Amino acid sequence: MAEEQVVISVADDQVGDMATVVDALRRAGLRVAEVLDSVGVVTGTVDGDALDSLSTVPGVAEVERSREFHLD
Amino acid sequence: MTTAQDGTTGRYLVLLEDDWSTATVELNRVAGIRAESSAEATGNDPLWDAEGLVMHELGVALVSADADQVTALAQAADEPGPIALIEPERFVQAIEPTAPTAEAEATAVDESVFTWGLQAVGAPNSRATGKGIKVAVLDTGFDLHHPDFAGRTIVSSSFVQGEEVQDGHGHGTHCVGTSCGPREVDSGPGYGVAYEAEIHVGKVLSNEGSGADGGILSGINWAITSGCAVVSMSLGAATQPGQAYSRTFERVANRALQKGTLIIAAAGNESDRRVGRINPVGHPANCPSIMSVGAVDSGRRMAYFSCGTVDTIGAVDLAGPGLDIYSSWPTPLRYKRISGTSMATPHAAGTAALIAQATGARGFELWARLSQTGRRMPLPSTDVGAGLVQAP
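Protein chains in written order, with my numbering: chain G, 29 to 100; chain V, -13 to 378.
This is the structure:
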């Protein structure tokens, strides 16, 4: 299945312990690109069929597909 | 009460200093006024019956005073003590609607000393410079060799895989120029708002001008850990009417605000108002916690391309100069005129830096001060929000 680029935001009450959430995301199939501590976000890639399971990982608030940007 | 031709009542307002605990004593000592405090319950109504009333919660006294007493109070205002200022009490009236008068349109634009954009935001008349304020511009990078920035400290980082910060496009250099560039340039007008700000360049768009969420979020993260008070993002992705804003970017922006970082983004250029089409504010500017900026021209009309608030989802928060904007460009060209909500955004970001320096405001408070001081225009708030950004 196709690989998806995702951005995952960690719930407010878990932002203090990102490492635990990141480990759980890895076990759920996320290939971690960046862990952004100051904003509580993890970015990476995942196989399409594992995408849905990411939102069920404890401590995850949202999972979104990464958008493309252009100049304004 | 006596009335005067000048609309004053004959009584006086006495503004008290922050510690006004001795106010009633002072008013008596200085001017022989026996004032009552609103904090004390009395039989009569002190607003009309007493020589003076100290409004206990406000730190203001309302007094009846003759010419000698006014002189004594004015003198006390100049000396140390609880009395700060004295001014006549005015009559006020209910505001009746009147017919709107058309504002004379600006015709010729004089850019011999400053760009029209700097003039429109009031930058040349402001004493603020942005000194001590860190501003992050997340874009296509910056021309690190541009001669106008020799001697400026520039902190930079690339979040585009395989590309250096050095701007291979130009857009980023233009935005850094508008937000933080110089006011005095040998070969042309001054073009920068926060000309003493500490410039942080985050390359989140490639030299072809494209990027993705991950790079932009990394840039925002870096800006926050670097202590930037303002993040300027002249980038976006088009949205459809009714499309929800990104919960992730909203959460990030809200966290940023709580940490004292205000994110300002371009509303988007997808509209064509010449044919009557207004497109919705793009991503991520459509997030409530991201300040979105629309574009106006030198006549303070909407730029034809400027996105607007189309549904209840994405709002325009402020407006900035965005048509025909002169700023820096990579050498050898050095300068260029371009248009976009991309150009309005760094005007707002630079102005935010000036206000941050002048007031110490950060985060939510900085947002409030930008909106509070915006110059209202006879244009819909769906297009300009609180109006044209104004320097302190």
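All C-beta atoms in this analysis are idealised placements derived from N, C-alpha and C, irrespective of residue type, glycine included. Here the structure is a predicted model, which is why all the values come from computation and not from measurement.
Outcome for residue i when other beta-carbon atoms lying within 10 angstroms are tallied against a minimum of 16
| i | result |
| --- | --- |
| Leu356 (chain V) | buried |
| Gln61 (chain V) | exposed |
| Ala92 (chain V) | Its pLDDT being 45, under 50, Ala92 (chain V) is placed unreliably by the model, and nothing is read from it. |
| Gly197 (chain V) | buried |
| Asn111 (chain V) | exposed |
| Leu319 (chain V) | exposed |
| Ala88 (chain V) | Model confidence at Ala88 (chain V) stands at a pLDDT of 41, short of 50, so the residue's coordinates are unreliable and nothing is read from them. |
| Ala281 (chain V) | buried |
| Val85 (chain G) | buried |
| Arg55 (chain G) | exposed |
| Val43 (chain G) | buried |
| Lys117 (chain V) | exposed |
| His131 (chain V) | exposed |
| Gly76 (chain G) | exposed |
| Gln358 (chain V) | exposed |
| Thr57 (chain V) | exposed |
| Ala242 (chain V) | buried |
| Gln147 (chain V) | exposed |
| Asp64 (chain V) | exposed |
| Pro266 (chain V) | buried |
| Asp172 (chain V) | exposed |
Within-7 angstroms CB hit, residue i to chain V
| i | result |
| --- | --- |
| Leu53 (chain G) | no |
| Glu92 (chain G) | yes |
| Leu99 (chain G) | yes |
| Leu58 (chain G) | no |
| Leu64 (chain G) | yes |
| Val85 (chain G) | no |
7 angstroms Cβ cut-off: residues of chain V touching residue i
| i | result |
| --- | --- |
| Ala89 (chain G) | Arg237 |
| Val49 (chain G) | Under the 7 angstroms cutoff, chain V gives no residues; its nearest Cβ is about 14 angstroms from Val49 (chain G). |
Beta-carbon neighbours of residue i, restricted to chain G and to distances below 9 angstroms
| i | result |
| --- | --- |
| Thr159 (chain V) | Within 9 angstroms Cβ-Cβ: nothing; Thr159 (chain V) doesn't reach chain G, min ~12 angstroms. |
| Leu72 (chain V) | Looking at the sequence provided, one finds Ile at residue 72 (chain V) rather than Leu. Within chain G, no residue comes near Ile72 (chain V); the closest Cβ sits about 50 angstroms away, beyond 9 angstroms. |
| Asp297 (chain V) | Under the 9 angstroms cutoff, chain G gives no residues; its nearest Cβ is about 19 angstroms from Asp297 (chain V). |
| Leu191 (chain V) | Phe97, His98, Leu99 |
Contact list for residue i against chain G, beta-carbon separation under 8 angstroms
| i | result |
| --- | --- |
| Ile202 (chain V) | Phe97 |
| Ser220 (chain V) | Leu99, Asp100 |
| Gly360 (chain V) | In chain order: nothing, as chain G lies at least about 20 angstroms away. |
| His186 (chain V) | In chain order: nothing, as chain G lies at least about 14 angstroms away. |
The ligand FMN heavy atom lying under 6 angstroms from the CB of residue i
| i | result |
| --- | --- |
| Phe145 (chain V) | With respect to the ligand FMN, the structure shown offers nothing to examine, as it has no ligands at all. |
Contact set between residue i and chain V, taken where Cβ atoms lie within less than 8 angstroms
| i | result |
| --- | --- |
| Ser37 (chain G) | Arg233, Thr234, Arg237, Val238 |
| Ala61 (chain G) | Gly200 |
| Thr71 (chain G) | Asp199, Gly200, Leu203, Ser204 |
| Gly68 (chain G) | Arg237, Val238, Arg241 |
Whole-Å CB distance - residue i paired with residue j, under 8 angstroms assumed
| i | j | result |
| --- | --- | --- |
| Tyr290 (chain V) | Asp258 (chain V) | 6 angstroms |
| Ala180 (chain V) | Ile276 (chain V) | Rounded, the Cβ-Cβ distance is 20 angstroms, inconsistent with contact. |
| Val375 (chain V) | Ala347 (chain V) | At roughly 14 angstroms, the Cβ-Cβ gap does not stay under 8 angstroms, so Val375 (chain V) and Ala347 (chain V) are not in contact. |
| Leu79 (chain G) | Glu32 (chain G) | 6 angstroms |
| Ala215 (chain V) | Thr164 (chain V) | Contact doesn't hold; Cβ gap of about 17 angstroms is too wide. |
| Arg138 (chain V) | Ile206 (chain V) | With a Cβ gap of about 23 angstroms, Arg138 (chain V) and Ile206 (chain V) do not count as contacting. |
| Ile299 (chain V) | Lys245 (chain V) | Not quite, the Cβ-Cβ distance comes to about 25 angstroms (not below 8 angstroms), so this is no contact. |
| Pro316 (chain V) | Asp153 (chain V) | 5 angstroms |
Interface residues of chain G facing residue i [CB-CB closer than 7 angstroms]
| i | result |
| --- | --- |
| Ala377 (chain V) | Simply none; closest approach about 23 angstroms. |
| Asp199 (chain V) | Val35, Ser94, Arg95 |
| Ser196 (chain V) | Glu96, Phe97, His98 |
| His269 (chain V) | Arg95 |
CB contact below 7 angstroms: residue i versus chain G
| i | result |
| --- | --- |
| Leu9 (chain V) | Sequence inspection shows Ala at residue 9 (chain V); the Leu mentioned does not correspond to that position. Cβ-Cβ to chain G under 7 angstroms: no for Ala9 (chain V). |
| Ile210 (chain V) | yes |
| Ala36 (chain V) | no |
| Thr225 (chain V) | no |
| Ala114 (chain V) | no |
| Ala252 (chain V) | yes |
| Pro86 (chain V) | The predicted position of Pro86 (chain V) is uncertain, since its pLDDT is 41 and thus under 50; a value taken from the coordinates is nonetheless stated next. It does not; no Cβ of chain G falls within 7 angstroms. |
| Asn111 (chain V) | no |
| Thr327 (chain V) | yes |
| Asn207 (chain V) | yes |
| Asn272 (chain V) | no |
| Asn255 (chain V) | yes |
Interface partners of residue i on chain C, CB under 9 angstroms
| i | result |
| --- | --- |
| Asn265 (chain V) | No chain C is part of this structure, whose protein chains are labelled G and V. |
Review point. Which runs of the alpha helix (DSSP H), 4 residues or longer, sit entirely within the region 168 to 215 of chain V?
Key: 199 to 211
Practice item. Could you name each continuous beta strand (DSSP E) segment of 3 residues or more that falls completely within the region 229 to 288 of chain V, going from the start of the chain to the end? Key: 248 to 252, 277 to 282
Check your understanding: Unbroken beta strand (DSSP E) runs of length 3 or more, entirely within the region 33 to 78 of chain G: which are they?
Key -> 59 to 64, 69 to 75
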